[in-house]
Every structure is written in C-alpha cells, then in structure tokens.
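Read the structure below first, then the notes.
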Amino acid sequence: METITNNKTENTENTKNTETSLKTVLIAGGAGFIGSNLCRRLLSENNKVICLDNLFTGKMENIQEMFSNKNFAFINHDIVEPITTISGNIDEIYHLACPASPPKYQIDPIYTLKINFTGTLNLLQLAREKNSRILFSSTSEVYGEPQKTPQREDYRGNVNTIGIRSCYDEGKRVAETLMMDYHNKYGVDTRIVRIFNTYGPYMDKDDGRVVTNMIRQMLNDEDITIYGDGTQTRSFCYIDDQIEGQIRLMNSDYHSPVNIGNPREISVNKLCEILKTLIDTRSTIVFYPLPSDDPTNRNPDIDLAKKLLDWEPETDLIDGLKQTINYMKTDMSGKELSE
Numbered sequence: 001m002e003t004i005t006n007n008k009t010e011n012t013e014n015t016k017n018t019e020t021s022l023k024t025v026l027i028a029g030g031a032g033f034i035g036s037n038l039c040r041r042l043l044s045e046n047n048k049v050i051c052l053d054n055l056f057t058g059k060m061e062n063i064q065e066m067f068s069n070k071n072f073a074f075i076n077h078d079i080v081e082p083i084t085t086i087s088g089n090i091d092e093i094y095h096l097a098c099p100a101s102p103p104k105y106q107i108d109p110i111y112t113l114k115i116n117f118t119g120t121l122n123l124l125q126l127a128r129e130k131n132s133r134i135l136f137s138s139t140s141e142v143y144g145e146p147q148k149t150p151q152r153e154d155y156r157g158n159v160n161t162i163g164i165r166s167c168y169d170e171g172k173r174v175a176e177t178l179m180m181d182y183h184n185k186y187g188v189d190t191r192i193v194r195i196f197n198t199y200g201p202y203m204d205k206d207d208g209r210v211v212t213n214m215i216r217q218m219l220n221d222e223d224i225t226i227y228g229d230g231t232q233t234r235s236f237c238y239i240d241d242q243i244e245g246q247i248r249l250m251n252s253d254y255h256s257p258v259n260i261g262n263p264r265e266i267s268v269n270k271l272c273e274i275l276k277t278l279i280d281t282r283s284t285i286v287f288y289p290l291p292s293d294d295p296t297n298r299n300p301d302i303d304l305a306k307k308l309l310d311w312e313p314e315t316d317l318i319d320g321l322k323q324t325i326n327y328m329k330t331d332m333s334g335k336e337l338s339e
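Have a look at this one:
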C-alpha cells in the first residue's frame, strides 16, 4: 500500500488547532470520475481527504492538482486486499470503487464481483474498526431491465443473474445486502445511494458510455455509434448535482437505498440531436445491434430524495453538456479550445 502525501508542514498553533477540528474523509475510488469531483468538493469545504485508488480505471491526472493541498493524501491500494495501514480517525467513507462502464467492468467480471463483495466487506470492516459513517455507491443497474417506470427504491428489479452485465448488477446488489447486514448486525452507520446516469468533467473519454462516446466521436468527426434503434431512454444527472445528493445523504440518518439522478428521461436519439446542436461536426450516425441486457429505459423516481434530503437536480442538460464538451476538448487537445 503506497501512500503519497503533500510534504508541506504548518508549525503555528492556530494551524494545529484548525486541523484537529477538520473532518477526515476516505474516498475509495477517489481518482475516478465521481470520486475525483467529490475530492475537490470536500477539500473546498476544508475537510481532510484520503483518496484510495488502485488506478484500475481511475487516473492520476484526475487528482494531480490536489497534491498541493496539505489536506489531501493519496493511497495506491486495491480494496480487494485488507485495508490495515490507515492510522488515525476516519469520520466518513465514500465507497465509489468499482469500474462503472460495461467495457471496463466486463474486462474481468470475476474481479468486478470481488470489488463489490470482498472490497465492500473490507471497507465495512474498516468503518466498523474506525467507527466511521460509510456510504456505498450502488447503481440504477440493480433494477435490471425494469418493468416499472419510473423506478422507485422499493422496486426489486428484473436482473439477469447470468448475463454479461451480471458481474456489475449482481455485484452491486450483494454489496447493498452487505451494507444493510453490517448495519443490522454490528450497528455500522451505513448509507446506500443508487446512482443513475451521471456525466460531466473528468469523465474518461474512452469509457464507452453514451455521453462521452458521442462527444468524442463528434469532436473527431468520427461515426456516431448508436446501439439498437436509439429509442432506449436514459436520464442524465450532472456531476455537481450528483455529488450534492450524495453529501446530503451522507449527512442524513437514513440507511436504506436512495435514488440520486435526474428524472428528465430522454432517448439516446434525442441526446444525439442535442449534442449535434452544440458541436460543429461532420459525423454521421451508424447503428449497431443493442448489446445483451442493455436496459431499454432508465428513469429515477426521486420523491424520496426530495422529501428526505430536500434534493433535486438543478443543472439544465444543455448547460451540463456544454461544460462536459469544454472539458473533453481540453482533455483531448491538452489546451483550451474556443467554442
């Protein structure tokens, strides 16, 4: 387990007093898309942040600028292995450690299952030892190919247990079970967030998800790949809204799953139309067969989040897509480009 921290030290008594009052937060998967954005948010609120990541899909460039912050530390570690070398207090643990795009989590489906079961078990054990509050990032994929829409938290889903996506879908489902069992048996202070499609800066342009796929293809004037006939629907939540929902859930006293997503449901074809109005491209659409077990609809019922957390998404889709496009232009070119 390799730890990298900032070497700057503060010697004043005032600094010491301030640091002792800071909240210490461990973010597993902190070098990934959602995790790195969460690191920035919590650092901006003067928390101490420990980023734990083995860089399987996370990237050092996502967190590079944070190394200048004395309240930030990075630990290169795989949560499938026991977590035994973190000393000191941990107030909160955000468990975001798992590949989230089908091409990435299907590379090694058994490893994906291990992350969700053994990795979650190890983080729960750490939370139990440290008396930490822990939030697990579950997913809308626990609903499978839903027969009800919108999807409420009490809907038990329609999941294929032996399909190519099962390592992720079933992995997340069993991890939810572990979270609740540790809460009921040991009193661990658990939270479960079911994340619906989220997008924004620091997404991996090559992760195979529809927003990044289309933006990258349009910026490069490549064929736009749409799987199936494009009528399948998704609901897209901007990263800032997603993080706000997770923080509010962490700060609540609710232990059962909560949907965090945007209830505005649009088709993949409509997303493509919108992006083509925002990007000057010569790309044309090419249709491919729909992958096995790809859900035909995703639409969160967020009534519980509204009532419990006073939360709902605020970012307009067009505004969020513009921010994402600007980030991907910079990421792909290494410099800022004009509109």
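In this text, residue positions in the sequence shown follow the working numbering: the first is 1, and each later residue adds one. Just so it is clear, CB atoms sit at the ideal spot from N, CA and C, and this is done for glycine as well.
When DSSP assignments are scanned along the segment 283-325, the uninterrupted stretches of alpha helix (DSSP H) that are 4 or more residues long and fall wholly within it turn out to be 303-309.
When secondary structure is reduced to three states using DSSP, T24 falls in the strand class. Listed in chain order, the alpha helix (DSSP H) runs fully inside the segment 27-82 are 33-44, counting runs of at least 4 residues. In this chain, the alpha helix (DSSP H) harbouring P103 covers P102 to Y105. Annotated as proximal: S283 and E222, with beta-carbon spacing under 7 Å. Here I162 is exposed. Its C-beta has fewer than 16 other C-beta atoms within 10 Å. Judged by DSSP secondary structure, D181 falls within the alpha helix (DSSP H) whose first and last residues are S166 to Y186. In this structure A175 is not in contact with Y94, their Cβ atoms being roughly 14 Å apart against a cut-off of 8 Å.
Apart from sequence neighbours up to five positions away, the residues of its chain that approach K205 with a beta-carbon distance below 8 Å are T212, I215, R216, M328, D331 and M332, ordered along the chain. The three-state secondary structure of N197, taken from DSSP, is coil.
Excluding its 5 nearest sequence neighbours in each direction, C272 has C-beta neighbours in its own chain below 8 Å: M214, I224, I226, G230 and I285, listed in chain order. Per DSSP, I239 is one residue of the alpha helix (DSSP H) stretching across I239 to M250. In the structure shown, R216 adopts helical secondary structure according to DSSP, grouped into three states. Taking the Cα positions, L22 is about 22 Å away from A31.
In the DSSP assignment, I274 falls within the alpha helix (DSSP H) that extends over V268 to L278.
Closest in alpha carbon position to H183, among R128, R248 and V25, is R128.
In this structure, DSSP gives G228 a state outside helix and strand, which the three-state scheme calls coil. With three or more CB-CB distances shorter than 8 Å, the segment 293-305 counts as touching the segment 143-152.
Between the segment 242-252 and the segment 189-204 there are three or more inter-stretch CB-CB distances shorter than 8 Å, so the stretches are counted as touching. With a cut-off of 8 Å on Cβ pairs, the segment 62-70 is not in contact with the segment 165-172, counting fewer than three such pairs. With a threshold of 16 other beta carbon atoms within 10 Å, K130 meets it and is buried.
In the displayed model, F236 falls within coil according to three-state DSSP, outside both helix and strand. Among the bridge pairs identified by DSSP, P257 is matched with I192.
L124 carries a helical assignment under DSSP once its states are collapsed to helix, strand and coil. One Cα belongs to T120, the other to F236, and the distance between them is close to 26 Å. Burial is judged here by how many other beta carbons sit within 10 angstroms of a residue's own beta carbon; N46 has fewer than 16 and is exposed.
As the crow flies, the alpha-carbon of V142 is around 10 Å from that of S166.
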